[in-house]
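Input: a single structure, listed below in structure tokens.
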Amino acid sequence: MTPFFNQTWDKAALLSRVGRIDQLAGIRLVEALEGKARGCRLLDVWTGSGLRFQVNADRALDLTFCEFQGIPVAWYSPAGEVHPSFYEPEGFGWLRSFTGGLLTTCGLDQFGVPSEDESQSFGLHGRISNTPADSLSQRSYWDGETYRLEISAVIRQAALFRENLVLRRKITTSLGASRIQIEDTVTNEGFEATPHMILYHFNLGFPLVSEYSRLQLNTQETLPRDEEALRGLAEWDRFQPPTPGYREQVFIHRPIPDPSGKATVAFHNPRLGLCVRWQYSTASLPYLMEWKMMGMGAYVVGVEPANCNGLGGRATTRMKGELPILQPGESRTYQIDFEVMPTKEGMEAAHEPDGD
């Protein structure tokens, strides 16, 4: 049975009301034709609940555009949608192709600031998000009474005499759902032990982000990245209007898992009546980085599960003895459930006077 428009429907009842099921939910493959995005394979996904999002097959199957019931959820950088051919791997060149969007994947053997490690140079946040996908597959099918929407692909980060890391990604949702499931498996297909760092850079923007927004999680520890973050440590979970001269603040959290081993992280705006939520295993992703950027035109909150505390880059992570390693043939699996939902409390608050 499928919850849909305040009712619960069975498959037969739904199919009797439409000529094609993609009237309600589906996946459409399109190609960008203009500007720096030209040539990108984009998959538009809609579920019928009001959730719509886009997946960029030429950018590691990352999620770009996202809205819920007409409300934008994701933040876009000034660079916008950029084809990977424009990627600048050195130093901070990554920022010139950083779309933002709902999810930018950082890794697979480096994230954080540029780094020099074992005679190699690593740019900001690694290469994987600028790598096109192979073996792209999209499926829309009935699984009993559930109509599933599924996208999968293989993304390989490799070079002769260097790493040979393979990311197998599957993105799943369903008719009537407001949830996206991301399931990744990273395998070392080389014959040498290889560092493996990964960070899921979720980016939230206006109107979800505002001075009324709050970030909620149970955390055993919250550390500031630097002195700038230390000044804002007492207000890591609260936000403000766009502020001239604002300098980014980054906080490093250690979420407390529930009895099933999962962390739950929520970001909500009661005035807007909207909440987003993440659930994932802290065994595989023990750290959560929070990027709080309240600047003019750079107004964004990053919620970033990670497999290590690697913001200082690969060399620093190695020196601390915290660099994850994949042995030849070894795999690591990560699963993140992302959900968007209205909040009754928020809808009520949206109609209350400001009191000023």
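Add 1 to the 1-based position in the sequence shown for my numbering, that's all there is to it.
Quick reminder that beta carbons are idealized off the backbone N, C-alpha and C, glycines included.
Distance from the Cα of F5 is smallest, within the candidate group T48, R149, G314, for T48. For T9, the uninterrupted beta strand (DSSP E) segment begins and ends at 8–10. Boundaries of the alpha helix (DSSP H) harbouring E229: 228–232, taken from the DSSP string. Across the set W279, V187, D144, the C-alpha of D144 shows the shortest separation from the C-alpha of L176.
Close CB contacts of E184 within its chain, under the 6 Å cut and outside five residues either way in sequence, are with K171, Q336 (chain order).
In the DSSP assignment, R157 falls within the beta strand (DSSP E) that extends over 147–159. Restricted to the segment 32–71, not a single alpha helix (DSSP H) segment is unbroken, complete and at least 4 residues in length.
For the 8 Å CB-CB criterion, F268 and V302 form a contact. Assigned with DSSP and collapsed to three states, S98 falls in helix. At the C-beta level, N308 and I199 come within 8 Å of one another. The beta carbon of Y213 sits closer than 7 Å to the beta carbons of N270, P271, R272 from its chain, once the five residues preceding and following it are set aside; these are given in chain order.
Excluding its 5 nearest sequence neighbours in each direction, I72 has C-beta neighbours in its own chain below 8 Å: P208, L209, L273, L275, listed in chain order. Measuring C-alpha to C-alpha distances from E89 to each of S122, A58, Y77 identifies S122 as the nearest. A check of alpha carbon separations from M294 across E190, P242, A159 identifies P242 as the nearest. Annotation for A264: the continuous beta strand (DSSP E) segment containing it runs 263–270.
Excluding residues up to 5 positions away in sequence, S282, T283, A284 lie with their Cβ nearer than 8 Å to the Cβ of G262 in the same chain. In this model, R255 and S120 are separated by some 32 Å (Cα to Cα). By the neighbour-count criterion, in which a residue is buried when 16 or more other Cβ atoms sit within 10 angstroms of its Cβ, N7 is exposed. Counting the other CB atoms within 10 Å of its CB gives R239 a total below 16, which places it among the exposed residues. According to the DSSP assignment, R255 belongs to the beta strand (DSSP E) that extends over 250–256. D23 and L44 have their C-alpha atoms spaced approximately 14 Å apart.
Under the DSSP definition of a beta bridge, Y288 partners with A307. Under DSSP, L109 takes part in a beta bridge, and its partners are M198. Just so you know, the alpha carbons of Q158 and L166 end up roughly 5 Å apart.
Taking A154 as reference, the option from R42, P260, L16 with the minimal CA-CA separation is R42. Nearest C-alpha to G233 among T220, L218, E249: E249. In this structure, A38 sits near V83, with a CB-CB distance shorter than 8 Å. Boundaries of the alpha helix (DSSP H) harbouring R319: 315–320, taken from the DSSP string. The Cβ atoms of F339 and R140 lie no closer than 8 Å to each other.
Judged by DSSP in its simplified three-state form, A13 adopts helix. Residue nearest to D63 within the set I326, A316, F54 is F54 (criterion: CA-CA distance). Residue burial annotation: S98 is buried, with at least 16 other C-beta atoms found within 10 angstroms of its C-beta. According to the DSSP assignment, W237 belongs to no beta strand (DSSP E), since it is labelled neither H nor E. The Cβ neighbour count for M320, taken over all protein chains shown within 10 Å, is under 16; the residue is labelled exposed. The residue from P258, V74, V304 with its alpha-carbon nearest to that of Q221 is P258.
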